[in-house]
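In my numbering, the protein residues as written are 165 to 472.
Pasting the structure below:
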């Protein structure tokens, strides 16, 4: 009887100790289930307008920087380039003619100063300057149209993933209007939303353990990169008849606001595929070295993973 009672007492004390340790662990190391995977999403925006004649990617395909995503019909811009080049040739002919006329008048003036007036010399020199400016304008037009022709081939600016692709061959794209989303492969981070009361002494550089809901047995290590300096304030927004919207609050209940904390992952194993928007749990470890020495490296990490 005494042995059974002693065993029960030991189990109860062990359970209470575990609960106490977990609670102390929670107080010392902020933790939240409200986390998400984030990444920079590049809006691929064509610089010229036209129909797509060749689509080189599929939805959810992987691309490298410099890969061609799609091509816009170049024929209109090729014709414009040919016309601009012809205008440049014409402008050069006008410049040559103006220079020849100026040289002829200057030579005549040298032989017989009274044969050509000063005002005439000034006018022919001005004509040369105007023709030279015309050549510069025509050359710039050629460069601009050549750029437009090059812009008909839209390339990936970074390594990433094409997502939510809606384009097809024949789709009309408009200049300066986003037409395709590209998730930057090297820009992933974790954003955890912590209660404001839990992060008053959290600093950038502290260790963070991230557990993705899709990979519960593969914890990821990271570091606190930054802490948000503001969140949107709902009270005071404009409502009906331009009056402010104010939500009712109870004086005896004050809900802690959630502040975004940005976590930069140290390394991601090949078996883990990060996807924008998937859920994550985040724990910030304020004293990692002391805890690792006390528990042991692998056992310490396993205890953190199980605490979620």
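No residue lacks a Cβ here, since even glycine has one placed at the ideal position from N, Cα and C.
Of the residues the options, the one placed nearest residue i, counting alpha carbons only
i: residue 340; options: 202, 207 and 441; result: 207
i: residue 240; options: 251, 214 and 326; result: 214
i: residue 245; options: 281, 286, 311 and 369; result: 311
i: residue 344; options: 224, 250, 419 and 374; result: 224
i: residue 323; options: 228, 218 and 250; result: 228
i: residue 284; options: 337, 318, 266 and 367; result: 266
i: residue 247; options: 196, 433, 302 and 231; result: 302
i: residue 437; options: 325, 262, 300 and 308; result: 325
i: residue 419; options: 300, 358 and 230; result: 358
Nearest-angstrom Cα separation, counted from residue j out to residue i
i: residue 198; j: residue 342; result: 31 Å
i: residue 379; j: residue 394; result: 31 Å
i: residue 287; j: residue 297; result: 15 Å
i: residue 406; j: residue 397; result: 17 Å
i: residue 412; j: residue 402; result: 16 Å
i: residue 362; j: residue 194; result: 6 Å
i: residue 459; j: residue 427; result: Residue placement at residue 459 cannot be trusted, given a pLDDT of 40 that sits under 50; what the coordinates show is reported in the next sentence. The straight-line gap from Cα to Cα measures roughly 25 Å.
i: residue 276; j: residue 268; result: 12 Å
i: residue 334; j: residue 216; result: 5 Å
i: residue 272; j: residue 282; result: 12 Å
i: residue 321; j: residue 315; result: 13 Å
i: residue 422; j: residue 392; result: 10 Å
i: residue 290; j: residue 209; result: 44 Å
DSSP three-state assignment for residue i, whether helix, strand or coil
i: residue 221; result: coil
i: residue 197; result: strand
i: residue 211; result: coil
Residues that residue i bridges to, as DSSP identifies them
i: residue 232; result: 319
Just list the beta strand (DSSP E) runs in the region 294-369, keeping only unbroken ones of 3 residues or longer that don't cross its boundaries, in chain order. 317-319, 324-327, 344-348 and 353-359
Please go through the region 371-455 and give each complete beta strand (DSSP E) segment of 3 or more residues, from N-terminal end onward. 371-376, 379-391, 422-429 and 443-449
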